Amino acid sequence: MASNSTTNRLSRNVVVLGGMGVGKSTAIRRFISDEFIERYYPTVSGSFTKTITIGNKEYNLTILDTTGQDETSLLDSTHVGPTDAFVIAFSVTFRKSFEIAQVIRDKILDMSGVNSVGILLVGNKCDLVGERQVSREEAQKMADSFGCPYIETSAKENINIEEVFIQSVNIANKASDGDAIADEPEGAEGGEKPFCIVM
(Lines of atoms letter the chains of each structure in order from A and count residues from 1; the text may use other names and numbers.)
(Lines give C-alpha, C1' and ligand atoms only; values in the text may rest on other atoms or scores of the structure.)
Protein backbone atom coordinates (compact mmCIF):
# COMPACT_ATOMS: atom_id res chain seq x y z
CA MET A 1 0.00 0.00 0.00
CA ALA A 2 2.77 2.44 0.89
CA SER A 3 4.47 1.80 -2.42
CA ASN A 4 1.26 2.39 -4.37
CA SER A 5 0.57 5.56 -2.40
CA THR A 6 4.02 6.91 -3.21
CA THR A 7 3.64 5.99 -6.87
CA ASN A 8 0.26 7.71 -7.17
CA ARG A 9 1.36 10.86 -5.39
CA LEU A 10 1.19 14.00 -7.52
CA SER A 11 3.92 16.64 -7.48
CA ARG A 12 3.19 20.35 -7.38
CA ASN A 13 5.68 23.22 -7.37
CA VAL A 14 4.77 26.56 -5.81
CA VAL A 15 6.86 29.74 -5.70
CA VAL A 16 6.16 32.26 -2.93
CA LEU A 17 6.96 35.84 -3.92
CA GLY A 18 6.52 39.21 -2.25
CA GLY A 19 8.34 42.23 -0.93
CA MET A 20 10.85 41.78 1.86
CA GLY A 21 9.41 41.63 5.35
CA VAL A 22 5.86 40.58 4.42
CA GLY A 23 6.17 37.30 6.31
CA LYS A 24 6.73 34.80 3.50
CA SER A 25 9.27 32.71 5.39
CA THR A 26 7.35 32.71 8.66
CA ALA A 27 4.20 31.60 6.84
CA ILE A 28 6.05 28.77 5.10
CA ARG A 29 7.70 27.74 8.35
CA ARG A 30 4.30 27.69 10.04
CA PHE A 31 2.94 25.44 7.29
CA ILE A 32 5.92 23.08 7.15
CA SER A 33 6.64 22.63 10.87
CA ASP A 34 3.85 24.52 12.69
CA GLU A 35 6.37 26.91 14.24
CA PHE A 36 6.24 30.67 14.53
CA ILE A 37 9.37 32.74 15.02
CA GLU A 38 8.69 36.41 15.76
CA ARG A 39 11.88 37.62 14.12
CA TYR A 40 13.14 35.36 11.37
CA TYR A 41 15.68 36.75 8.92
CA PRO A 42 16.57 34.23 6.21
CA THR A 43 19.19 35.49 3.79
CA VAL A 44 18.92 33.02 0.92
CA SER A 45 16.16 31.33 -1.01
CA GLY A 46 15.16 27.89 0.18
CA SER A 47 13.10 24.98 -1.05
CA PHE A 48 10.79 23.01 1.23
CA THR A 49 8.79 19.86 0.58
CA LYS A 50 5.74 18.58 2.40
CA THR A 51 3.32 15.77 1.61
CA ILE A 52 -0.29 16.83 1.99
CA THR A 53 -3.53 14.94 1.55
CA ILE A 54 -6.50 16.70 -0.02
CA GLY A 55 -9.63 14.66 -0.45
CA ASN A 56 -8.45 11.23 -1.57
CA LYS A 57 -5.24 12.44 -3.23
CA GLU A 58 -1.72 12.87 -1.91
CA TYR A 59 0.56 15.60 -3.16
CA ASN A 60 4.29 16.18 -2.87
CA LEU A 61 4.25 19.96 -2.54
CA THR A 62 7.55 21.73 -3.15
CA ILE A 63 7.61 25.36 -2.01
CA LEU A 64 10.30 27.80 -3.12
CA ASP A 65 10.77 30.58 -0.58
CA THR A 66 12.30 33.61 -2.30
CA THR A 67 13.95 35.60 0.48
CA GLY A 68 16.58 38.18 1.22
CA GLN A 69 16.42 39.84 -2.19
CA ASP A 70 14.26 42.07 -4.31
CA GLU A 71 11.79 39.55 -5.71
CA THR A 72 11.24 41.54 -8.90
CA SER A 73 14.89 40.96 -9.81
CA LEU A 74 15.06 37.49 -8.25
CA LEU A 75 12.29 36.07 -10.44
CA ASP A 76 13.68 34.47 -13.58
CA SER A 77 12.83 31.81 -16.15
CA THR A 78 14.11 29.02 -13.89
CA HIS A 79 11.22 29.85 -11.54
CA VAL A 80 8.55 30.46 -14.15
CA GLY A 81 9.19 27.30 -16.19
CA PRO A 82 8.67 24.51 -13.65
CA THR A 83 6.21 26.36 -11.43
CA ASP A 84 2.61 25.16 -11.15
CA ALA A 85 1.34 28.10 -9.09
CA PHE A 86 2.59 31.41 -7.73
CA VAL A 87 1.73 32.83 -4.33
CA ILE A 88 2.14 36.60 -4.29
CA ALA A 89 2.21 37.81 -0.70
CA PHE A 90 2.01 41.27 0.78
CA SER A 91 1.52 42.63 4.29
CA VAL A 92 -1.81 44.31 4.96
CA THR A 93 0.14 46.60 7.33
CA PHE A 94 2.56 47.85 4.64
CA ARG A 95 1.07 49.53 1.57
CA LYS A 96 4.31 49.49 -0.41
CA SER A 97 4.31 45.69 -0.34
CA PHE A 98 0.79 45.78 -1.82
CA GLU A 99 2.03 47.94 -4.68
CA ILE A 100 4.96 45.56 -5.21
CA ALA A 101 2.47 42.70 -5.64
CA GLN A 102 1.23 44.30 -8.86
CA VAL A 103 4.81 44.65 -10.14
CA ILE A 104 5.56 41.01 -9.36
CA ARG A 105 2.44 39.79 -11.13
CA ASP A 106 3.27 41.85 -14.22
CA LYS A 107 6.79 40.43 -14.29
CA ILE A 108 5.48 36.86 -13.99
CA LEU A 109 3.27 37.43 -17.03
CA ASP A 110 6.10 39.08 -18.93
CA MET A 111 8.48 36.20 -18.27
CA SER A 112 5.92 33.48 -18.93
CA GLY A 113 4.85 35.01 -22.22
CA VAL A 114 1.17 34.26 -21.62
CA ASN A 115 -1.85 36.32 -20.61
CA SER A 116 -2.65 34.40 -17.43
CA VAL A 117 -0.88 32.13 -14.97
CA GLY A 118 -1.88 30.36 -11.77
CA ILE A 119 -1.66 32.98 -9.02
CA LEU A 120 -2.95 33.27 -5.47
CA LEU A 121 -2.86 36.70 -3.82
CA VAL A 122 -2.23 36.59 -0.06
CA GLY A 123 -2.54 39.44 2.44
CA ASN A 124 -0.50 38.46 5.50
CA LYS A 125 -0.52 39.84 9.07
CA CYS A 126 -4.31 40.19 9.14
CA ASP A 127 -4.21 39.84 12.94
CA LEU A 128 -2.72 43.35 13.20
CA VAL A 129 -6.08 45.02 12.74
CA GLY A 130 -5.06 48.40 14.14
CA GLU A 131 -2.06 48.63 11.80
CA ARG A 132 -3.88 47.81 8.57
CA GLN A 133 -2.96 49.99 5.59
CA VAL A 134 -4.64 47.91 2.87
CA SER A 135 -8.36 47.23 3.07
CA ARG A 136 -9.84 43.86 2.17
CA GLU A 137 -11.90 45.56 -0.51
CA GLU A 138 -8.95 47.02 -2.40
CA ALA A 139 -6.98 43.79 -2.08
CA GLN A 140 -9.96 41.86 -3.43
CA LYS A 141 -10.18 44.36 -6.28
CA MET A 142 -6.56 43.65 -7.16
CA ALA A 143 -7.20 39.90 -7.03
CA ASP A 144 -10.23 40.35 -9.29
CA SER A 145 -8.04 42.21 -11.78
CA PHE A 146 -5.59 39.31 -11.64
CA GLY A 147 -8.42 36.80 -12.06
CA CYS A 148 -7.29 34.94 -8.96
CA PRO A 149 -8.43 34.14 -5.40
CA TYR A 150 -7.47 36.32 -2.43
CA ILE A 151 -6.82 35.03 1.09
CA GLU A 152 -5.86 36.95 4.23
CA THR A 153 -3.55 35.16 6.64
CA SER A 154 -1.68 35.41 9.90
CA ALA A 155 1.38 33.24 10.43
CA LYS A 156 1.47 34.33 14.07
CA GLU A 157 -2.09 33.22 14.81
CA ASN A 158 -1.99 30.38 12.25
CA ILE A 159 -4.96 31.80 10.38
CA ASN A 160 -5.57 30.36 6.91
CA ILE A 161 -1.95 29.28 6.39
CA GLU A 162 -2.88 25.76 5.33
CA GLU A 163 -5.61 27.15 3.06
CA VAL A 164 -2.97 29.06 1.09
CA PHE A 165 -1.30 25.84 0.05
CA ILE A 166 -4.54 23.94 -0.48
CA GLN A 167 -5.60 26.70 -2.84
CA SER A 168 -2.19 26.58 -4.52
CA VAL A 169 -2.82 22.92 -5.29
CA ASN A 170 -6.28 23.81 -6.60
CA ILE A 171 -4.76 26.40 -8.90
CA ALA A 172 -2.09 23.98 -10.08
CA ASN A 173 -4.69 21.30 -10.73
CA LYS A 174 -6.80 23.63 -12.84
CA ALA A 175 -3.79 24.13 -15.09
CA SER A 176 -2.99 20.43 -15.28
CA ASP A 177 -4.88 18.42 -17.90
CA GLY A 178 -7.02 15.63 -16.52
CA ASP A 179 -6.43 16.29 -12.82
CA ALA A 180 -9.38 16.64 -10.49
CA ILE A 181 -9.70 19.83 -8.53
CA ALA A 182 -8.77 19.40 -4.88
CA ASP A 183 -11.45 19.94 -2.27
CA GLU A 184 -12.14 23.54 -1.30
CA PRO A 185 -11.12 24.28 2.29
CA GLU A 186 -14.08 24.51 4.62
CA GLY A 187 -15.35 28.05 4.95
CA ALA A 188 -14.05 29.22 1.59
CA GLU A 189 -17.57 30.25 0.65
CA GLY A 190 -18.68 31.91 3.85
CA GLY A 191 -18.32 29.03 6.29
CA GLU A 192 -16.98 29.17 9.83
CA LYS A 193 -13.33 29.95 9.09
CA PRO A 194 -11.27 32.57 10.96
CA PHE A 195 -12.35 36.15 10.44
CA CYS A 196 -9.91 37.19 7.78
CA ILE A 197 -10.39 34.73 4.95
CA VAL A 198 -11.51 36.46 1.77
CA MET A 199 -11.81 34.45 -1.41
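Going by this note's numbering, the first residue of the sequence shown is number 78, and it counts up by one from there.
Virtual Cβ for every residue (Gly too), placed ideally from N, Cα, C.
These figures come from a predicted structure and were not determined experimentally.
Are residue i and residue j close, meaning C-beta to C-beta below 8 angstroms?
i: G96; j: I177; result: yes
i: T230; j: V241; result: yes
i: V180; j: L94; result: no
i: N90; j: T143; result: no
i: L141; j: V206; result: no
Quick one: give me the first and last residue of the beta strand (DSSP E) that residue i is part of.
i: N90; result: 87–95
i: S124; result: 123–131
i: I196; result: 196–201
i: V164; result: 162–168
Near residue i, what residues of its chain come up, given a Cβ to Cβ distance below 6 angstroms and the 5 sequence neighbours on each side ignored?
i: V169; result: G200, K202, C203, R209, V211
i: T126; result: T139
Identify the continuous alpha helix (DSSP H) that holds residue i and give its terminal residues.
i: E215; result: 213–223
i: E240; result: 238–251
i: L186; result: 172–189
i: T103; result: 101–110
Going by other Cβ atoms of all chains shown within 10 Å of its Cβ, with 16 needed for buried, is residue i buried or exposed?
i: P226; result: buried
i: D187; result: exposed
i: S88; result: exposed
i: A249; result: buried
i: R182; result: buried
i: I236; result: buried
Spatial neighbours of residue i within its chain, please: CB distance less than 7 angstroms, with the 5 preceding and 5 following residues excluded, ordered by chain position.
i: A232; result: G100, T103, A104, R107, F113, N201, I238
Leaving out five residues on either side along the sequence, give the residues of the same chain with a beta carbon under 8 angstroms from the beta carbon of residue i.
i: M219; result: F175, A178, Q179, L198, Y227
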